[in-house]
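Novice:
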Amino acid sequence: MEYSFRPQWKPWNVQSGYSPACGRCGKFHKLYLCNSINQRCYSCGKFGHYSTKCFSKAAKDIKRTTVRVKSRKQKERDSARIDSYIERKNIIRASPFSGMRNSAFVQYLDITNVLKTELKSVKQKIFKEKNTNLEQQKCIEALKIQLKNQQIIESERDQFKQELENLRQQKEESASRINAQEYVNQIQELKDQVIEKDKTVKMVQDLYYLRSTEFTDEIDTLKNEKSDLHSKLQLHENSIKQLTAELQNLRHKNYMLSSSQNQQRPNYNNRHYNSRRGG
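If you use the working numbering, the sequence shown closes out at 304, no skipped numbers anywhere.
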């Protein structure tokens, strides 16, 4: 093993046939791959070297922090998270819209907002229609009761007809004209009553038929609109999830690019640091 006995402030990027020990970390590596550039010294609290290569006095107010070592379960958890992240990333890259920009993503967001407002308005309409439907059902129940009453009236009408036939027979059998005229008047009154009751029964039946057809048509149209909007909303939600995942991927790439640039930047600071130390 070869050692370099040069002090820390002496320039250490000397061209030689081998890689000497680094004056910042004490390890053997290439000149531009020192991991101690972005690390803080435990002795002096400055960045750029490890405490094993520190020649300055320790600061008084520095609080020493213990290095936490991950347990086996934590390492397994982190590896599982990394595997799931890589799997999701590969799925997003395989999707046909992986190269979509932020403008298209914003357009999709605007469309989803419009769809959400439309769905909200449709839900409100459905709620109103449900309330009206309940009221109309109550009206239908009332009409059913009226229909039952009219059926009772029809049965009474049949009884009146039977009584009318009986009266006619009595008229034929009776000989007096006065009794016959009274029977005729009674028959005419019964006929008028039967005609009025027939009119009311027909009116109730027509009203019941119209209400039932209107309610069925409105319910069918609302169900179709609701199913269409749900399908559209589900499709756009899936596209939003995929686009958000792609956006996170792009942010991660930007972060990795900025971190790589920051790792290359301290090489220039190293020269400035050596010039201040007298190297």
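Beta carbons: idealized from backbone N, C-alpha and C, even for Gly.
#1: Which one of K248, R276 and F185 has the shortest CA to CA distance from K148?
#2: Any idea if M26 is buried or exposed, counting beta-carbon neighbours within 10 angstroms, 16 or more meaning buried?
#3: Out of Q230, T157 and I62, state which residue places its alpha-carbon closest to the alpha-carbon of K173.
#4: Pull up the distance between the alpha-carbon of Q211 and that of Q171, whole angstroms please.
#5: Measuring only the C-alpha atoms, how far is K52 from A46?
#6: Given a cut-off of 8 Å, decide if Q175 and V226 are closer than it, judged by their beta-carbon atoms.
#7: A270 to R102, Cα distance in whole Å?
#8: According to DSSP, is L65 helix, strand or coil?
#9: According to DSSP, is F53 helix, strand or coil?
#10: S283: buried (16+ other C-beta within 10 angstroms of its C-beta) or exposed?
#11: Quick check on H80: does DSSP put it in helix, strand or coil?
#12: How would you label Q259, buried or exposed, when you count the other beta carbons within 10 angstroms and need 16 or more for buried?
#13: Threshold first: 4 residues or longer. Then list the alpha helix (DSSP H) segments lying entirely within the segment 136-198, N to C.
#14: Closest to K266 by CA distance: which of K153, K114 and N287 is it?
#15: Leaving aside the five residues before and after S81 along the sequence, list all residues of the same chain whose C-beta is less than 6 Å from its C-beta, in chain order.
#16: Below 8 Å, can you find three or more Cβ-Cβ pairs linking the segment 186-194 to the segment 212-224?
#17: Within the same chain, show all residues whose beta-carbon is closer than 6 Å to that of S104, passing over the 5 residues directly before and after it, in chain order.
#18: Assuming L254 and L159 are in contact, meaning their beta carbons sit under 8 Å apart, how far apart are those beta carbons, in whole angstroms?
#19: Give the range of the alpha helix (DSSP H) segment to which K98 is assigned.
#20: Under 8 Å by Cβ, that's how I've got K224 and I178 pegged, so tell me the actual separation to the nearest angstrom.
#21: Please classify I107: is it buried, with 16 or more other beta-carbons within 10 angstroms of its beta-carbon, or exposed?
#22: Determine the direct distance from the alpha carbon of I111 to that of R335, and round the result to whole angstroms.
Specialist: Looking at the atomic coordinates:
#1: Walking along the sequence shown from the start, residue 148 turns up at place 123. Comparing Cα-Cα distances from K148 to each of K248, R276 and F185, the minimum goes to K248.
#2: Locating residue 26 in the sequence shown gives position 1, where the first residue counts as 1. Residue placement at M26 is flagged as unreliable, the pLDDT there being 41, under the threshold of 50; the coordinate-derived value follows with that caveat. Exposed is the call here.
#3: Here residue 173 corresponds to residue number 148 of the sequence shown, with the count starting at 1. Here the closest residue by C-alpha is Q230.
#4: In the sequence shown, the residue the question calls residue 211 occupies position 186. In the sequence shown, the residue the question calls residue 171 occupies position 146. Q211 and Q171 have their C-alpha atoms roughly 27 Å apart.
#5: Taking the first residue of the sequence shown as position 1, residue 52 is located at position 27. Taking the first residue of the sequence shown as position 1, residue 46 is located at position 21. K52 and A46: Cα-Cα distance of roughly 5 Å.
#6: Here the question's residue 226 lines up with position 201 in the sequence shown. Here the question's residue 175 lines up with position 150 in the sequence shown. In contact: V226 and Q175 (Cβ atoms closer than 8 Å).
#7: Within the sequence shown, residue 270 is the residue found at index 245, counting from 1. Within the sequence shown, residue 102 is the residue found at index 77, counting from 1. About 21 Å.
#8: The count along the sequence shown starts at 1 and reaches residue 65 at position 40. Before going on, a small fix: residue 65 reads as Arg here, not Leu. For R65, the secondary structure class from DSSP, reduced to helix, strand or coil, is strand.
#9: Numbered from its first residue, the sequence shown carries residue 53 at position 28. Of the three classes helix, strand and coil, the one that applies to F53 here is strand, per DSSP.
#10: Along the sequence shown, read from residue 1 onward, the residue named residue 283 stands at position 258. Exposed is the label assigned to S283, since fewer than 16 other Cβ atoms lie within 10 Å of its Cβ.
#11: If you number the sequence shown from 1, residue 80 lands on position 55. Inspection of the sequence shows that residue 80 is occupied by Phe rather than by His. Reduced to three states, the DSSP call for F80 is coil.
#12: Start at 1 with the first residue of the sequence shown, and residue 259 comes out as number 234. Q259 comes out exposed.
#13: Counting only runs of 4 or more, we get nothing.
#14: Residue numbering aside, residue 266 sits at position 241 when the sequence shown is read from its first letter. For K266, the closest alpha carbon among the candidates K153, K114 and N287 is that of K114.
#15: Reading the sequence shown from its first residue, position 56 is the one you call residue 81. Excluding residues within five positions, the ones whose Cβ falls inside 6 Å are C69.
#16: The segment 186-194 is in contact with the segment 212-224.
#17: Sequence index remark: in the sequence shown, residue 104 carries index 79 (1-based). Within the same chain, S104 has no close Cβ partners at all.
#18: Sequence index remark: in the sequence shown, residue 254 carries index 229 (1-based). Sequence index remark: in the sequence shown, residue 159 carries index 134 (1-based). Not quite, the Cβ-Cβ distance comes to about 23 Å (not below 8 Å), so this is no contact.
#19: The count along the sequence shown starts at 1 and reaches residue 98 at position 73. Start and end: R97 to A119.
#20: The residue labelled residue 224 in the question sits at position 199 within the sequence shown. The residue labelled residue 178 in the question sits at position 153 within the sequence shown. So it is not a contact: roughly 11 Å between Cβ atoms.
#21: Numbered from 1 along the sequence shown, position 82 holds the residue referred to as residue 107. Exposed: under 16 other Cβ atoms inside 10 Å.
#22: Residue 335 is absent from the structure shown; the chain starts at 26 and stops at 304.
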